[in-house]
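Worksheet: one structure, shown below.
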Amino acid sequence: MRHGKKFNHLSRTSSHRKAMLANMASSLIIHKRIKTTLAKAKALRSYIEPLITKSKVDSTHSRRTVFSYLQNKEAVTELFREISQKIAERPGGYTRILKTGTRLGDNAEMCFIELVDYNENLLTEKVEKKVKTTRRRRGSKKKTVEEQVADKPVETTETDVTADETTSEEIKSEEPEVEDEAKAEAKVKEEETKTEDKNTETKE
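Just so we're aligned: 999 in the working numbering is position 5 of the sequence shown, and the numbers increase by one with no gaps anywhere.
Next comes the structure, spelled out in structure tokens:
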């Protein structure tokens, strides 16, 4: 009977399961990312994360404890030399599971399991998002330099006044010429109408 045993046996004997998880953990430490089924990845996560926490204290005792689980000298040296320095400030959650769909043969759920601090693509995305975010408050806003310049009254000097006067005089001098032409045309029309009226009166 399996009363109170909540972990996944993965349809294997105890010795087979321990050997498989030790090999998978060594592969994950060396390669930083492996592809496996979702059930195995979840079992591996609960197996390897306590070992990574153990590697934060680099002592002979912790090295021997980790070696008793992994049985791989290369994986132990990589874990204590490289990975322990990268995850020193992380309080847990050293691995990430990324689902990739189902397997073609038996329709098993497949996924990638990887070490969080070694996925450079996701790390760069997080850095870019942090740079772009800005905090804004609804309170009294500080005026920018352009708004302060716009609020200040414009001081006009004598040169500016003379320049404005000359431009206005030029505009005025141009306008009367147009008006004079219109008046001249109107006078010519009036004279023509008067001459026509006189001719009609003489005929009568």
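C-beta: ideal position from N, C-alpha, C; glycine also.
Note that the coordinates shown come from a computational prediction; the quantities given were computed from them, not determined experimentally.
Segment contact, 8 Å Cβ cut-off, at least three pairs: the stretch 1018-1033 with the stretch 1067-1086: Verdict: yes, contact present.
Where does residue 1091 fall in DSSP's three states? strand
Since residue 1107 sits in a beta bridge, which residues does DSSP pair it with? BP columns for residue 1107 point to 1028 and 1091.
Counted within 10 angstroms of its Cβ, other Cβ atoms place residue 1179 as buried (16 or more) or exposed: exposed
In whole angstroms, what separates the C-alpha of residue 1013 from that of residue 1096? 25 Å
Please classify residue 969: is it buried, with 16 or more other beta-carbons within 10 angstroms of its beta-carbon, or exposed? Residue 969 is absent from the model: the chain starts at 995 and stops at 1198.
If you check the beta carbons only, do residue 1102 and residue 1064 fall under 8 Å apart? no
Taking the CB atoms as reference points, tell me whether residue 1040 and residue 1048 lie closer together than 8 Å. no
To the nearest whole angstrom, what separates the beta carbons of residue 1046 and residue 1081, a pair I think is in contact under 8 Å? Taking the Cβ atoms as the reference, residue 1046 lies roughly 6 Å from residue 1081, within the contact range of under 8 Å.
Could you check where the alpha helix (DSSP H) with residue 1068 kicks off and where it finishes? 1067-1072
Tell me the DSSP secondary structure of residue 1155 in three-state form. With a pLDDT of only 49 at residue 1155, under 50, the local geometry of the prediction cannot be trusted, and the value read off the model is given with reservation. Residue state, collapsed to three classes: helix.
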